[in-house]
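Colleague:
Quick look at the structure:
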């Protein structure tokens, strides 16, 4: 059997991925090969195209290629994901962070939030990327993060530790971000008040789950299923319950489904929110909903 170079393997893997319907086939191939060869990034491959690979290098790569062709997400195979310039652990315990969520964080950072005094709550934190990114970018803010899933919270805490933002094991305030288990606001102290409540909650209608892309179906179902009312059921619960936990003129920031903006905006108005604004994502689809809540409206 003729020896295979890095370029041979890259071309063959790209073709294999194309036949199996993997989007961005060459990019996926570059990432997997770089990971299998212990490279810091895929660009390093371009310096070694003519290097011959040994069987001990090819064997683990074959298994990863097979799994990716079968629909397993690239991020799960790599074990990490890039988010707002930082590397986070990523696996099946929580939703894979998407570019849209990065855009949500960017919009928050450009808002009129006052970082020196801000208290922030991330509801449904998943892998912790929103809470941890805001904590890193706003070092004077106090950040709490909750999730109903023990698996997601364990992943979020690992990411906090990785970034040097973790709380102590006793759960006190010594760390930059505090994580705790809660179904929405169930376990939030009744006297807690936040200047920003942010959430990327499930927003896909239950009946649409089976039709999702095969990669998406590797995410936990609880991170996808938004229930009834077109997938907005959990978001509506959040918006209603959140009113008790805002500081004066606190801000609500949500990632939503592309067809939910109008109905959710109307619902927020009914609930007493003001300055309601729907903005679009990179694909020009309604994706983010911002509003403020003044205590005087209660």
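In our numbering, the protein residues as written are 1 to 298.
Every residue gets a Cβ at the ideal spot worked out from N, C-alpha and C, and that includes glycine.
1. Skipping 5 residues on each side, what residues in its chain have a beta carbon closer than 8 Å to that of residue 80?
2. Over what stretch of residues does the beta strand (DSSP E) that includes residue 262 continue unbroken?
3. Excluding sequence positions up to five away, which residues of its chain have a Cβ less than 6 Å from the Cβ of residue 144?
4. Candidates 211, 76, 215, 162: which alpha carbon is nearest residue 31's?
5. Whether or not the stretch 253-273 and the stretch 224-241 are in contact is what I'm after, with contact meaning three or more pairs of Cβ atoms, one per stretch, closer than 8 Å; do they touch?
6. Buried or exposed: residue 38, going by 16 or more other Cβ atoms within 10 Å of its Cβ?
7. How far does the alpha helix (DSSP H) with residue 152 in it extend, from its first residue to its last?
8. Do you know offhand how far residue 331's Cα is from residue 280's?
9. DSSP three-state label for residue 38, please.
10. By how many angstroms is the C-alpha of residue 263 removed from the C-alpha of residue 289?
11. Checking the sheet assignment: what are the DSSP bridge partners for residue 292?
12. Of the residues 58, 138, 265, 201, which one's Cα is nearest the Cα of residue 127?
13. Three or more C-beta pairs closer than 8 Å, one from the stretch 191-210 and one from the stretch 101-118: is that the case here?
14. So, using beta-carbon positions, are residue 226 and residue 203 closer together than 8 Å?
15. Hey, quick one: how far does the alpha helix (DSSP H) through residue 195 stretch, first residue to last?
16. Taking the alpha-carbon of residue 250 as reference, which of 292, 214, 228 has the nearest alpha-carbon?
17. Determine the extent of the beta strand (DSSP E) in which residue 16 is found, giving its start and end residues.
18. Any idea what DSSP makes of residue 239, helix, strand or coil?
19. Pull up the distance between the alpha-carbon of residue 160 and that of residue 154, whole angstroms please.
20. Leaving out five residues before and five after residue 13 in sequence, what residues of the same chain have Cβ atoms less than 6 Å from its Cβ?
21. Which class does residue 169 belong to by DSSP, given the choice of helix, strand or coil?
22. Excluding sequence positions up to five away, which residues of its chain have a Cβ less than 8 Å from the Cβ of residue 307?
23. Using the rule of at least 16 other Cβ atoms within 10 Å of the residue's Cβ for burial, across every protein chain shown, is residue 70 buried or exposed?
24. Which of helix, strand or coil does DSSP assign to residue 174?
25. Which stretch, first to last residue, makes up the alpha helix (DSSP H) that contains residue 74?
26. Do residue 307 and residue 34 have their CB atoms nearer than 8 Å?
27. Return helix, strand or coil for residue 131, following the three-state DSSP convention.
Modeller: Once the coordinates are examined:
1. Cβ neighbours of residue 80 beyond the five flanking positions: 87, 88, 89, 90.
2. From DSSP, residue 262 is part of no beta strand (DSSP E) but of the alpha helix (DSSP H) over 261-270.
3. Counting only residues of its own chain and dropping the five nearest sequence neighbours on each side, residue 144 has a CB closer than 6 Å to the CB of 121, 178.
4. When the alpha-carbon of residue 31 is set against those of 211, 76, 215, 162, the nearest one is in 76.
5. The stretch 224-241 is in contact with the stretch 253-273.
6. Counting the other Cβ atoms within 10 Å of the Cβ of residue 38 gives fewer than 16, which makes it exposed.
7. Taken as a continuous stretch (DSSP letters only), the alpha helix (DSSP H) holding residue 152 covers 150-162.
8. Because the chain spans 1 through 298 in this model, residue 331 falls outside it and cannot be assessed.
9. Secondary structure at residue 38: coil, using DSSP grouped into helix, strand and coil.
10. When only Cα atoms are considered, residue 289 and residue 263 end up about 11 Å apart.
11. In the DSSP output, where bridge partners are listed per residue, residue 292 has 251, 274.
12. If we check each option's Cα against that of residue 127, 201 comes out closest.
13. Touching, per the Cβ criterion.
14. Contact: yes.
15. Run containing residue 195: none in the alpha helix (DSSP H); it sits in the beta strand (DSSP E), 194-199.
16. Answer by Cα proximity: 292.
17. DSSP places residue 16 in no beta strand (DSSP E) but in the uninterrupted alpha helix (DSSP H) bounded by 6-19.
18. Here residue 239 sits in helix by DSSP.
19. Each residue's CA atom was taken as its position, placing residue 160 and residue 154 some 10 Å apart.
20. Excluding residues within five positions, the ones whose Cβ falls inside 6 Å are 29, 65.
21. Because the pLDDT of residue 169 is 41, which lies under 50, any placement of that residue in the model is unreliable, and the number read from its coordinates should be weighed accordingly. In the three-state reduction of the DSSP assignment, residue 169 falls in the coil class.
22. Lying outside 1 to 298, the shown extent of the chain, residue 307 is not represented and no answer is given.
23. Within 10 angstroms of the beta-carbon of residue 70 lie fewer than 16 other beta-carbons, which makes it exposed.
24. A caution first: residue 174 carries a pLDDT of 48, below 50, which makes its placement in the model unreliable, though a value can still be read off. Looking at residue 174 - three-state DSSP - the assignment turns out to be coil, as it is neither helix nor strand.
25. Counting along the chain, the alpha helix (DSSP H) containing residue 74 begins and ends at 74-78.
26. Residue 307 lies beyond the range of the chain shown here (1 to 298); nothing can be said about it.
27. Three-state result, residue 131: helix.
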